[in-house]
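Please read the structure below before turning to the comments.
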Amino acid sequence: HGDSADTDETVRSVCPYCGVGCQIDYRLKDGKIAWVDGAPGPANESRLCVKGRFGFDYIAHPHRLTRPLIRREDAPPKGLNVDPADPWTHFREASWDEALDRAAGGLAVLRDRHGGAAVSGFGSAKCSNEEAYLFQKLIRQGFGHNNLDHCTRLCHASSVAALMENVGSGAVTASFNEIEHADIAIVIGANPTENHPVAATYFKQFVKRGGKLVVMDPRGQGLKRHAWRMLQFRPGTDVALLNALMCVVVEENLHDRQYIEGFTENFAEFADHIRDFTPEKMAPLCGVDPETLREVARAFAAARAGMIFWGMGVSQHIHGTDNSRCLIALALLCGHVGRPGTGLHPLRGQNNVQGASDAGLIPMVLPDYQSVTSGEARELFSSLWGGTEISPEPGLTVVEIIDAAHARRIKGMYVLGENPAMSDPDAAHAREALARLEHLVVQDVFLTETAMFADVILPAAAWPEKTGTVTNTNRTVQMGRPAVAPPGDARPDWEITRDLANRLGLGWTYAHPSEVYAEMAAGMPSLDHITWDRLEAQGAVTYPTTGPQDPGAAVVFGDGFPRPSGRARFAPARVTPPAEVPDDAFPMILTTGRMLEHWHTGAMTRRASTLDALEPEATVALHPQTLKKLGAWPGDLMEVETRRGAIRLSARSDRAVAEDMAFIPFAFVEAAANLLTNPALDPYGKIPEFKFAACRVRVAAPA
Ligand code: SF4
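When we follow full-length UniProt numbering, the leftmost residue of the sequence shown carries the number 220, and every step to the right adds one.
Written out as structure tokens, the structure reads:
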């Protein structure tokens with residue numbers, strides 16, 4: 220950090236990490252980023268966390284891909300056996316022309332030989348809106364089906380399923396900054412001090428001015444000490460806990476009758492259903508005493524304005540959609556939607572997971588969540604895409620695509636910025652699937668674990684090297700600007716995807732991301748009044764907005780919901796156990812997640828020097844009593860095993876973790892947590908159960 224007088228130039232952009240979407244100022248000296256400052260964006264008001272402030276030097280790491288690579292004829296069998304610093308026994312350098320011809324040619328051969336469904340694609344929530352839009356267009360136009368997806372499937376697919384079903388929109392109903400106007404807020408299954416740190420600062424300010432914060436989580440966490448009540452419930456019992464709260468509200472007549480009559484449907488059936496879930500019956504299941512359940516329910520119902528925030532602790536279960544249905548019902552029951560200081564807010568994970576989803580990078584919907592089954596929606600995009608016939612059949616999701624590749628039904632893939640070899644559940648199965656592909660094209664910044672299985676690797680520009688828009692968790696569309704040039708021959712993703720599309724005969728003529736944005740906005744009513752020029756000038760606009768001077772609505776649905784009836788719906792949910800429960804062989808619960816210093820599969824942050832120095836090593840967090848029982852000390856090498864695999868990593872003592880639980884972050888390839896996770900899916904959102912698997916833990920025997 221230094222004085223701005225020491226720098227040559229400042230470029231304003233957006234942080235490339237989490238969905239908070241902090242605006243940043245890159246301070247440049249001699250053509251390089253010297254440091255990063257927080258900028259006064261609407262979501263962060265100049266605040267930054269450690270990732271935003273210090274996580275930028277990965278762009279100059281020696282592992283950066285700077286030339287296209289093609290797998291050598293004499294390469295060893297595909298596997299995680301490539302050294303990113305010395306990949307030359309597996310790959311050779313190629314010109315862009317050769318690499319793009321090879322990439323597109325291989326996919327086209329599979330399409331022509333086996334039909335379009337033999338090829339699928341994973342796009343990325345780390346790319347811009349324009350890049351996400353082009354990616355889904357390429358698969359839909361070039362291969363004639365909807366088998367494309369991205370990491371939203373692994374984070375909030377179940378939340379979006381429940382929101383679409385019951386509220387009519389998959390985005391948040393209120394920005395997280397609205398907590399300023401709330402009296403009470405529930406944060407459940409989220410760990411904002413680690414995963415949305417700048418949002419957490421607003422939550423702490425809310426407490427300082429007298430707001431009641433209720434934290435609900437199987438793990439203790441950073442917000443616990445700020446909480447009015449901390450409900451450390453048993454993992455996987457969210458529905459029991461939430462139904463008990465709603466039972467109290469209904470039983471004690473605390474529900475908001477006027478709101479329910481005016482804005483909702485299905486209340487009578489829901490009320491009948493919920494009366495069964497008394498706190499006394501649910502307490503033994505969820506592990507929270509009935510009096511605390513009653514106290515929290517009464518406080519939430521009585522509050523003038525309440526908000527609910529949730530994260531992947533809610534969504535990453537086979538009952539993730541039911542969990543979200545309960546949260547929606549709780550807010551509706553108490554009339555906490557559509558006014559200042561009220562609302563439903565699933566905290567989005569990646570910096571552009573909201574935008575990539577809005578842009579249609581989802582197998583069942585076109586941009587703006589317009590169903591592929593809708594003839595009107597297909598007609599709209601067909602007219603924008605020069606008459607392309609769009610398939611009316613919803614496509615496969617992330618885990619289903621990997622399963623189809625494993626079964627050799629999918630034979631070719633185009634993977635842009637995703638790392639399924641690390642991020643998919645049961646990663647050994649995912650890696651086998653990648654190895655079975657006849658043709659894999661990977662486009663990325665680094666030679667990721669997934670790129671190790673590629674036939675062609677296309678080197679992409681990193682976020683600080685390109686222009687594009689991104690949409691944060693608050694529905695705010697923001698402009699990202701390039702601070703430095705990409706290294707070597709690396710190019711922005713939109714350009715690479717365009718050139719690949721043209722080799723598939725699609726005839727795309729985009730010369731700048733603004734042209735892509737204009738086409739995208741023509742098919743997306745959410746972007747009405749949000750032009751590229753406006754974003755250039757204003758930096759950030761929240762949708763929906765009513766005109767060029769309106770900064771956009773922080774709170775929506777005060778006058779009804781975008782459902783056919785105009786009303787939100789109460790959806791009853793029943794308690795279902797996790798897919799795999801502990802038993803004698805695997806007596807503990809494994810849960811996985813992120814950590815403050817590392818981002819997802821670690822491709823960027825483990826190459827950011829400050830962040831890597833802070834957290835250089837994979838650890839398993841265990842309660843001190845558990846360590847004692849196992850005869851282990853912090854730092855000891857442990858073995859954690861599930862029915863799918865075993866990994867070795869150091870023990871970390873952590874009182875926040877329950878005594879029957881182990882927590883492992885999924886950023887470390889040398890001890891990949893997802894070798895252990897369960898691929899069982901939520902039936903609605905098709906999200907895997909990353910948050911619950913049966914495991915056993917022991918001190919590792921010497922190697
Ligand atoms: Fe970046 Fe999120 Fe940290 Fe903000 S809170 S600086 S967006 S990682």
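A virtual CB, placed ideally from N, CA and C, is assigned to each residue, including glycine.
Note that the structure is predicted; figures quoted are calculated from it, not measured.
Using only the alpha-carbon positions, how far apart do residue i and residue j sit?
| i | j | result |
| --- | --- | --- |
| F805 | P416 | 34 Å |
| E591 | P498 | For the sequence presented, residue 591 should be read as Val rather than Glu. Whole-angstrom Cα-Cα distance: 42 Å. |
| I883 | S828 | 22 Å |
| A851 | A681 | 42 Å |
| S347 | N571 | 7 Å |
| L473 | G557 | 19 Å |
| D508 | A502 | 5 Å |
| S232 | S343 | 19 Å |
| A578 | S872 | 42 Å |
| F297 | H625 | Sequence check: residue 297 is Lys here, not Phe. Straight-line Cα distance between these residues: approximately 14 Å. |
| P797 | D475 | 33 Å |
| A518 | K431 | 9 Å |
| N542 | D901 | 11 Å |
| K356 | T686 | 20 Å |
| G726 | D769 | 37 Å |
| H538 | A459 | 11 Å |
| A406 | L846 | Per the sequence shown, residue 406 should be read as Val rather than Ala. The straight-line gap from Cα to Cα measures roughly 29 Å. |
| M814 | N414 | 7 Å |
| Y903 | A623 | 19 Å |
| E470 | R494 | 7 Å |
| V794 | G821 | 35 Å |
| A654 | D305 | 20 Å |
| R627 | V618 | 14 Å |
Residue i and residue j: beta carbons closer than 8 Å?
| i | j | result |
| --- | --- | --- |
| D587 | P843 | no |
| A419 | M526 | no |
| P303 | F665 | yes |
| H400 | K423 | no |
| P611 | M583 | no |
| Q697 | G240 | yes |
| V386 | G574 | no |
| A837 | P853 | no |
| G530 | L504 | no |
| A262 | T695 | yes |
| H555 | A524 | yes |
| R448 | V468 | no |
| T285 | A709 | yes |
| D227 | L247 | yes |
| A875 | R438 | yes |
| F310 | L635 | no |
| L367 | G340 | yes |
| L833 | E816 | yes |
| H375 | S534 | yes |
From the DSSP secondary-structure annotation, give me the bridge partner or partners of residue i.
| i | result |
| --- | --- |
| E228 | L247 |
| M632 | S339 and L659 |
| L564 | The displayed chain sequence assigns His, not Leu, to residue 564. The partner list for H564 (beta bridge, DSSP) reads F528. |
| M449 | V434 |
| G363 | Answer is none; G363 lacks a bridge partner. |
| G812 | P884 |
| C374 | None, per the DSSP bridge assignment. |
| Q844 | DSSP, once it has assigned bridges, lists no residue as partnering Q844. |
| residue 211 | Not covered by the structure: residue 211. The range shown for the chain is 220 to 922. |
| T540 | According to DSSP, which records beta bridges pairwise, T540 is partnered with nothing at all. |
| V839 | A870 |
Is there at least one Cβ from chain E nearer than 8 Å to residue i's Cβ?
| i | result |
| --- | --- |
| L599 | Within the model displayed, chain E is absent; a lone protein chain is all it includes. |
Exercise. Could you please go through the chain and list the residues whose beta-carbon is closer than 5 Å to any non-hydrogen atom of ligand 2?
Key: No copy of ligand 2 occurs in the structure displayed; its ligands are ligand 1 alone.
Exercise. Return the chain-ordered ranges of every alpha helix (DSSP H) run that is complete within the stretch 303 to 347 and spans a minimum of 4 residues.
Key: 315 to 333
Self-check item: Within the stretch 376 to 446, ranges of the beta strand (DSSP E) (whole runs, at least 3 residues)
Solution: 403 to 407 and 431 to 435
Quiz prompt | Contact between the stretch 807 to 816 and the stretch 872 to 891 (3+ Cβ pairs under 8 Å) | solution = yes
Exercise. Ignoring anything shorter than 4 residues or poking outside the stretch 851 to 917, list the alpha helix (DSSP H) runs there in chain order.
Key: none
Practice problem: Could you say if the stretch 543 to 560 and the stretch 783 to 791 meet the contact criterion of at least three C-beta pairs nearer than 8 Å? | Solution: yes
Quiz prompt | Cβ pair count under 8 Å reaching 3, the stretch 718 to 726 against the stretch 699 to 709 | solution = no
Quiz prompt | Continuous alpha helix (DSSP H) assignments of at least 4 residues falling wholly in the stretch 543 to 617 | solution = 572 to 577 and 594 to 603
Exercise. Please determine if the stretch 660 to 676 and the stretch 630 to 650 are in contact, where contact requires at least 3 C-beta pairs separated by less than 8 Å.
Key: yes
Practice problem: Let me know the alpha helix (DSSP H) ranges lying completely inside the stretch 485 to 521, each 4 residues or longer, listed in chain order. | Solution: 486 to 493, 498 to 505 and 509 to 521
Exercise. Take every Cβ of the stretch 318 to 330, pair it with every Cβ of the stretch 744 to 753, and state whether three or more of those distances are shorter than 8 Å.
Key: no
Quiz prompt | Contained beta strand (DSSP E) runs [length at least 3] in the stretch 731 to 809, N- to C-terminal order | solution = 759 to 761
Quiz prompt | alpha helix (DSSP H) runs wholly inside the stretch 254 to 313, at least 4 long, in chain order | solution = 269 to 273
Quiz item: What are the complete alpha helix (DSSP H) segments, minimum 4 residues, inside the stretch 663 to 726?
Solution: 712 to 722
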